[in-house]
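**Q**
2 protein chains.
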Amino acid sequence: MEICEITIVDPDKVQSTSTSLPDARDVEELSNLFKILGDPTRLRIVLALSVNELCVCDLAAVTQMSISAISHQLRLLRNMNIVSNNKQGKMVYYKLDDHHIESLIKESLTHIKE
Amino acid sequence: MEICEITIVDPDKVQSTSTSLPDARDVEELSNLFKILGDPTRLRIVLALSVNELCVCDLAAVTQMSISAISHQLRLLRNMNIVSNNKQGKMVYYKLDDHHIESLIKESLTHIKE
DNA sequence: TGAATACTTGCACACTTGTTCAACTGAAAG
DNA sequence: CTTTCAGTTGAACAAGTGTGCAAGTATTCA
Chain V
539 MEICEITIVD PDKVQSTSTS LPDARDVEEL SNLFKILGDP TRLRIVLALS
589 VNELCVCDLA AVTQMSISAI SHQLRLLRNM NIVSNNKQGK MVYYKLDDHH
639 IESLIKESLT HIKE
Chain R
539 MEICEITIVD PDKVQSTSTS LPDARDVEEL SNLFKILGDP TRLRIVLALS
589 VNELCVCDLA AVTQMSISAI SHQLRLLRNM NIVSNNKQGK MVYYKLDDHH
639 IESLIKESLT HIKE
């Protein structure tokens, strides 16, 4: 990986830009957040759960996806603490666990419609 | 794809949730936006360009990536009208073209730090 | 004109991702 | 206990993604 070290055009600008970037860990975390919302199925799950607490099968119905596909995606969302679940008998109800995400999505929606 | 049609538990909730979701086209567009920011290289490019207009080589230096990798990603960002470029002699300067994205990222950064 | 520089592009390839299928778990009902 | 139902899980696989490499373009400078 040929890292550009020789042909820097403006070292001062490179330096000042580098130092004003957010800390690498935050950038990583932020890109992970965007990545998880960057799939239409997961985004629709989050949107649906921002309206109602739902069991897996009803989530599948709302998103028009298979139970299995939804369950796989729910696991990812659980691992990132975006949703949490609540077992009642045979059924598992999911809800949003991170309401920051809800407002973030709402804001982003108005952004794309500008 | 076994779509869940039979075992819907609460049809009213499914119906009301479905109708209160944003229109499918917007969801698709929003997930595309998140997807493009969901890669650390691209996110760092956008962050860097929100600080300074930069040529490709300086961008490579800031992000610690090869010229080629940066150039490939810049093409994607150009195609989505997130950045635009400006040729001056041999050099190509890139800048942010969509400043909604800038504020969206800034807001999201504060979200993850909550 | 010829060489050098800054960047772009197409191809290749390893890696990742999303979904399906089938097997499994655990709770409830018969 | 056995069956049924709701959901989970792992393996498999096709499709997509990010980067490197090498060749190409366009501009500058000698």
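Respectively, the protein sequence lines represent chains V and R.
If you want this note's numbering, it's the 1-based position in the first sequence plus 538.
If you want this note's numbering, it's the 1-based position in the second sequence plus 538.
Positions of the beta carbon are idealized from the N, C-alpha and C atoms, including for glycine.
Check distances from the C-beta atoms of the region 560-591 of chain R to those of chain V and list, in chain order, the residues that come in under 7 Å.
**A** Hits within the stretch, in order: P560, D564, V565, E566, E567, L568, S569, L571, F572, K573, L575, G576, D577, P578, L581, R582, L585, A586, V589 and N590.
**Q** Output yes or no for whether 7 Å exceeds the beta carbon distance between D548 (chain R) and D596 (chain V).
**A** Yes; because the gap between Cβ atoms is below 7 Å, this pair is in contact.
**Q** Against chain V, does H610 (chain R) count as a neighbour if the rule is that its beta carbon must be under 7 Å from one of theirs?
**A** No - not a single Cβ of chain V is within 7 Å of the one on H610 (chain R).
**Q** Taking 7 Å as the limit between beta carbons, can you name the residues of its chain near V621 (chain V), skipping five residues before and five after?
**A** If we look at V621 (chain V) and ignore the five residues flanking it on each side, its Cβ neighbours are L587, L612, L615, Y632, K633, L634 and D635.
**Q** Tell whether a beta-carbon distance below 7 Å holds between I605 (chain V) and A599 (chain V).
**A** No, they are not a contact pair.
**Q** Chain V beta carbons: is any one of them nearer than 7 Å to that of S558 (chain R)?
**A** It does: the Cβ of S558 (chain R) has a partner Cβ on chain V nearer than 7 Å.
**Q** Take E566 (chain V) as the anchor and find which of R:T579, R:E566 and R:I608 has the nearest alpha-carbon.
**A** It is R:T579.
**Q** Determine the contact status of C593 (chain R) and M618 (chain R), defining contact as a CB-CB distance below 7 Å.
**A** Result no, Cβ atoms of C593 (chain R) and M618 (chain R) do not sit closer than 7 Å.
**Q** Skipping 5 residues on each side, what residues in its chain have a beta carbon closer than 8 Å to that of I574 (chain R)?
**A** The answer, listed in chain order, is R580, L614, L615, M618 and I620.
**Q** Could I get the ranges of all uninterrupted alpha helix (DSSP H) runs contained in the region 561-622 of chain R, with 4 residues as the minimum, in chain order?
**A** As far as the region 561-622 of chain R is concerned, its whole alpha helix (DSSP H) runs of at least 4 residues are 562-575, 578-587, 594-601 and 605-617.
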